[in-house]
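S.K.:
Number of protein chains: 2
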Amino acid sequence: MSRKSSLPRVREEMSVSRREERKSRHRMEILRVLRKSQQPLTSGEIAEALASAGYLLSERTVRLYLNELDREGLTISYGHRGHTISEKGLAELRIAQTVQRVGYLSARIDEMTYKMTFDLERRTGTVVVNTSVVNPRDLAQCLDAVCQVFYKGYGMGRRLAILEPGETLGGVQIPPGKIAFCTICSITFNSVLLKHGIPTASRFGGLLELRDGKPVRFAEIIHYDGTSIDPLEVFIRGRMTNYRGAITDGNGLIGASFREIPEDAREVVIHLEEEMARIGLGGLMAVGLPSQPLLGIPVISGRVGVIVIAGLNPIAILEEIGYQVYSRALSGLLDFSRLITVDDLPQVLEKYLT
Amino acid sequence: MSRKSSLPRVREEMSVSRREERKSRHRMEILRVLRKSQQPLTSGEIAEALASAGYLLSERTVRLYLNELDREGLTISYGHRGHTISEKGLAELRIAQTVQRVGYLSARIDEMTYKMTFDLERRTGTVVVNTSVVNPRDLAQCLDAVCQVFYKGYGMGRRLAILEPGETLGGVQIPPGKIAFCTICSITFNSVLLKHGIPTASRFGGLLELRDGKPVRFAEIIHYDGTSIDPLEVFIRGRMTNYRGAITDGNGLIGASFREIPEDAREVVIHLEEEMARIGLGGLMAVGLPSQPLLGIPVISGRVGVIVIAGLNPIAILEEIGYQVYSRALSGLLDFSRLITVDDLPQVLEKYLT
DNA sequence: CCAGCAATCGGCAATTTTGCCAATTTTTGG
DNA sequence: CCAAAAATTGGCAAAATTGCCGATTGCTGG
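Those protein sequence lines, which keep their order, are chains G and X.
Take the first sequence: its position 60, counted from the start at 1, is 157 in our numbering, and no numbers get skipped.
Take the second sequence: its position 18, counted from the start at 1, is 115 in our numbering, and no numbers get skipped.
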């Protein structure tokens, strides 16, 4: 264009600034990975984490940069046991990130994943939930549909929680006359995997098209690292879903999430999900094959794509039927003991229908 | 994690596959840039285009890859005049992209930008529009508010078009009893710049918070290359906007788009926008400084951030007031001569109010 | 049509990134 | 607690990427 356009163009080389920019970006990416971890990470682990974020750097290169960062005091080396980020490194990251004021959803996902404490074996600790503030009468009206979504396997397991008026969750108080319908957030899955040493990369949320109860393709998608609002909230408010079709003849549009796991972890993940399903926390819709696209969605080589049910699905059907619901994904943490199963829902709901 | 986890980990090197993957990605990115252009592009232009997509490769490296691609017949060299993509290259791209069935919005933006033919100097040709199908009576009801949005400068210029029942645009026919309210899509701006040799990178659409009529920050954002649906449609349907505030006391939430242009083009762009504003097509809200963040949004070095008004703003206020509107962004092309100005709107609308 | 200018091209060297390997450390499993 | 196994590290060399520069080509204005 330059010659064709009227614009002067500077001599075309990757100028000092752009060169530096790339180097600096590598450093920041490494620091970012370290910040997320409590324990020291080795270069191999960092390279792995970077790859799962689509940032391709070899383990050797990471080591080279770590050396540099160690010398500058931005990271602390524990010899062969790994590196952690130092106060100085954290400060450096903060400076570089003051610009990023809009919080991307991917950041909130990461944060929540680390905050929750649920222990699969002991069945204790907190899980991440989505909260929907709803009129109990409206809920009763749609009770059958809501339960159907759960029973057909389009909800995250079979558990949920009801909060009474006056209770607070994630800074939001339930107003009088309303109740909160809390569903398990599918992030819970990430967290359980993480506690078993499996890093999960959450890619996007979307509207999954079902045919005869089977996932066919994603009709719409929104990537987590490009949005500040939860995709599911968008689809629900935009009335773009079709749960009624899904629960009647298996043809519909439901919320789902696409993630990637390391291929070595495929079997372990499937096994862990079975464990979770056993206690009413299952939500895996599909698992791909190593490095193979899943429903036409390509994955980074060495990874496996998985499709997880959206936690908000069961309550979203209310909006579809015509009742207004205020839903918020990733709203807060709830102790596992607070959860009830769908089977108990009708009975529990009775209480609020004066 | 590997050691701490129960997972076996293969020897950690960037295996052949991952190496190849990166190389292949470079090649594909170059081919993708070439596909978009009708004319031959030189290595410098390609490097520039890649940079504007956040893909940092030096001009020399691009040239190296071009050489390879030329030899393999995927591209055709025109000597010092540049390179184009060959049939074989297009085929290669298709193979690599069969996986990408979900159409990202960024792709549609690119497509539309190239399709429109508007000539700023001659004031002829087609422009890209958004279409909102609406009941003429509803529109009349909100007429004042809609015009206010235009007059306060929150619409793309002062032009729009009304389509009658029976007319078609972008494959959608206007049903009897309804009319289509077409607003200029802000993509028009990209296209005008492109025809003057200025490449524009559209980053994201968002909800812009206004205080005293001035943009303060983006409250929510959705990146174009991570979504299949238009952000503005989302915000409108989700009733997340606040145009009424914006037109009354200047405090509200309106739709806007964030883009990046080369820093050398800053003055030219400002000048071109003035030209456009003169014929009722203005829509620039803010222009940043070279390599400086704009409203806290960082830009690639060597670029300037700009904020452009969303074309859908004027009609979106209907939804906010409570009338249902079916809006579709980037719906199709319309000849410039079809456009009327806001001032004529009340009169034109009369015709449809039987 | 020609001269001057600007941009592109390819070769070569410098720099960055990566692969490979031996030494060392940590973990595992008696 | 010890030995084998597994993983990490740093040095060195190969490969990839980039900077630089002279030669060449295309464009522009007279």
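Don't be surprised by glycine CBs; every beta carbon is placed ideally from N, CA and C.
Since residue 215(X) meets chain G, which of its residues come closer than 7 Å, beta carbon to beta carbon?
M.R.: Position 118 of the second sequence, counted from the first residue, corresponds to residue 215(X). Neighbours of residue 215(X) on chain G: none; closest Cβ ~18 Å, over 7 Å.
S.K.: Less than 9 Å separating the beta-carbons of residue 355(X) and residue 394(X)?
M.R.: The residue labelled residue 355(X) in the question sits at position 258 within the second sequence. The residue labelled residue 394(X) in the question sits at position 297 within the second sequence. Yes, Cβ-Cβ distance for residue 355(X) and residue 394(X) is below 9 Å.
S.K.: Would you say residue 326(G) and residue 339(G) are within 9 Å of each other, going by their C-beta atoms?
M.R.: Within the first sequence, numbered from 1, the residue matching residue 326(G) stands at position 229. Within the first sequence, numbered from 1, the residue matching residue 339(G) stands at position 242. Not a contact, by the Cβ cut-off of 9 Å.
S.K.: Name the residue from 286(X), 245(X) and 414(X) whose alpha carbon lies nearest to the alpha carbon of residue 372(X).
M.R.: Position 275 of the second sequence, counting from 1, holds the residue named residue 372(X). Nearest option by C-alpha distance: 286(X).
S.K.: So that I know if they touch, is there some Cβ in chain G lying closer than 9 Å to that of residue 205(X)?
M.R.: Counting from 1 along the second sequence, the entry for residue 205(X) is found at position 108. Not one chain G Cβ lies under 9 Å of residue 205(X).
S.K.: Kindly indicate the opening and closing residues of the alpha helix (DSSP H) around residue 241(X).
M.R.: Indexing the second sequence from 1 puts residue 241(X) at position 144. Start and end: 240-248.
S.K.: For residue 417(X), which residues from the same chain have a beta carbon less than 6 Å from its beta carbon, with the 5 sequence-adjacent residues on both sides left out?
M.R.: Reading the second sequence from its first residue, position 320 is the one you call residue 417(X). 338 and 340.
S.K.: Are residue 134(G) and residue 181(G) close, meaning C-beta to C-beta below 9 Å?
M.R.: Here the question's residue 134(G) lines up with position 37 in the first sequence. Here the question's residue 181(G) lines up with position 84 in the first sequence. Result yes, Cβ atoms of residue 134(G) and residue 181(G) sit closer than 9 Å.
S.K.: Closer than 7 Å by C-beta to residue 104(G): which residues in its own chain qualify, once you throw out the five before and the five after it? Chain order, please.
M.R.: Indexing the first sequence from 1 puts residue 104(G) at position 7. Reliability of the predicted coordinates at residue 104(G) is poor, the pLDDT of 45 falling under 50, and no value is obtained from them.
S.K.: Report the option in 400(G), 247(G) and 342(G) whose CA atom is closest to the CA atom of residue 380(G).
M.R.: One-based indexing of the first sequence puts residue 380(G) at position 283. Ranking 400(G), 247(G) and 342(G) by Cα distance to residue 380(G) puts 247(G) first.
S.K.: How far does the beta strand (DSSP E) with residue 311(G) in it reach, from first residue to last?
M.R.: For this step, residue 311(G) is matched to residue 214 along the first sequence. Here the beta strand (DSSP E) through residue 311(G) covers 311-320.
S.K.: Any idea what DSSP makes of residue 232(G), helix, strand or coil?
M.R.: Position 135 of the first sequence, counted from the start, is the residue given in the question as residue 232(G). DSSP places residue 232(G) in coil when its eight states are reduced to three.
S.K.: What three-state label does DSSP hand residue 389(X) in the structure shown?
M.R.: Counting from 1 along the second sequence, the entry for residue 389(X) is found at position 292. It is coil, neither helix nor strand.
S.K.: Express the C-alpha separation of residue 304(G) and residue 438(X) in angstroms, rounding to a whole number.
M.R.: Sequence index remark: in the second sequence, residue 438(X) carries index 341 (1-based). Sequence index remark: in the first sequence, residue 304(G) carries index 207 (1-based). Going by the C-alpha atoms only, they are around 39 Å apart.
S.K.: Are any of the Cβ atoms in chain G nearer than 9 Å to that of residue 324(X)?
M.R.: For this step, residue 324(X) is matched to residue 227 along the second sequence. Taking Cβ atoms only, chain G reaches closer than 9 Å to residue 324(X), which makes this a yes.
S.K.: Can you pull the chain G neighbours of residue 180(X), defined as C-beta to C-beta under 7 Å?
M.R.: In the second sequence, the residue the question calls residue 180(X) occupies position 83. The premise fails here: residue 180(X) is roughly 14 Å from chain G at the closest Cβ pair, so nothing lies under 7 Å.
S.K.: Identify which residue in 321(X), 406(X) and 217(X) has its Cα closest to the Cα of residue 375(X).
M.R.: Residue 375(X) sits at position 278 when you count from the first residue of the second sequence. That would be 217(X), whose Cα lies nearest to the Cα of residue 375(X).
S.K.: Which residues of chain X have a Cβ atom closer than 7 Å to the Cβ of residue 335(G), listed in chain order?
M.R.: Locating residue 335(G) in the first sequence gives position 238, where the first residue counts as 1. Within 7 Å Cβ-Cβ: 331, 334 and 335.
S.K.: Please list the residues of the segment 121-137 of chain G that have a C-beta atom closer than 7 Å to any C-beta atom in chain X, keeping them in chain order.
M.R.: Taking 7 Å as the Cβ-Cβ cut-off against chain X, none of the residues of the segment 121-137 of chain G qualify.
S.K.: So residue 144(G) and residue 154(G) are in contact, right, with Cβ under 8 Å, and what is the actual spacing, rounded?
M.R.: For this step, residue 144(G) is matched to residue 47 along the first sequence. For this step, residue 154(G) is matched to residue 57 along the first sequence. So it is a contact: roughly 6 Å between Cβ atoms.
S.K.: Which residues of chain X have a Cβ atom closer than 7 Å to the Cβ of residue 368(G), listed in chain order?
M.R.: The count along the first sequence starts at 1 and reaches residue 368(G) at position 271. Residues of chain X passing the Cβ test: none, with the nearest at roughly 11 Å.
S.K.: Apart from the five residues just before and just after residue 435(X), which ones in its own chain have a Cβ nearer than 6 Å to its Cβ?
M.R.: Indexing the second sequence from 1 puts residue 435(X) at position 338. So the qualifying residues of the chain are 258.
S.K.: Checking the sheet assignment: what are the DSSP bridge partners for residue 301(X)?
M.R.: Your numbering for residue 301(X) matches position 204 in the second sequence. In the DSSP output, where bridge partners are listed per residue, residue 301(X) has 320(X) and 355(X).
S.K.: Under 9 Å between C-beta atoms, does residue 191(X) make it to chain G?
M.R.: The count along the second sequence starts at 1 and reaches residue 191(X) at position 94. Answer no: the Cβ-Cβ gap between residue 191(X) and chain G never drops below 9 Å.
S.K.: Measure how close the beta-carbons of residue 349(X) and residue 307(X) come, nearest whole angstrom, since I'm counting them as under 8 Å.
M.R.: Residue 349(X) sits at position 252 when you count from the first residue of the second sequence. Residue 307(X) sits at position 210 when you count from the first residue of the second sequence. The Cβ separation is near 5 Å, so the contact holds.
S.K.: What does residue 278(G) touch in chain X if you count any residue whose Cβ is under 9 Å from its own?
M.R.: For this step, residue 278(G) is matched to residue 181 along the first sequence. Neighbours of residue 278(G) on chain X: none; closest Cβ ~19 Å, over 9 Å.
S.K.: Please determine, among 411(X), 363(X) and 427(X), the residue with the shortest C-alpha to C-alpha distance to residue 401(X).
M.R.: Residue mapping note: residue 401(X) aligns to position 304 of the second sequence, counting from 1. Comparing Cα positions, the closest option is 363(X).
S.K.: With a cut-off of 9 Å, does the C-beta of residue 119(X) fall near any C-beta of chain G?
M.R.: The residue labelled residue 119(X) in the question sits at position 22 within the second sequence. Chain G, which has a Cβ nearer than 9 Å to the Cβ of residue 119(X), makes this yes.
S.K.: Kindly indicate the opening and closing residues of the alpha helix (DSSP H) around residue 170(X).
M.R.: Here residue 170(X) refers to the residue found at position 73 of the second sequence. From DSSP, residue 170(X) is part of no alpha helix (DSSP H); its letter is neither H nor E.
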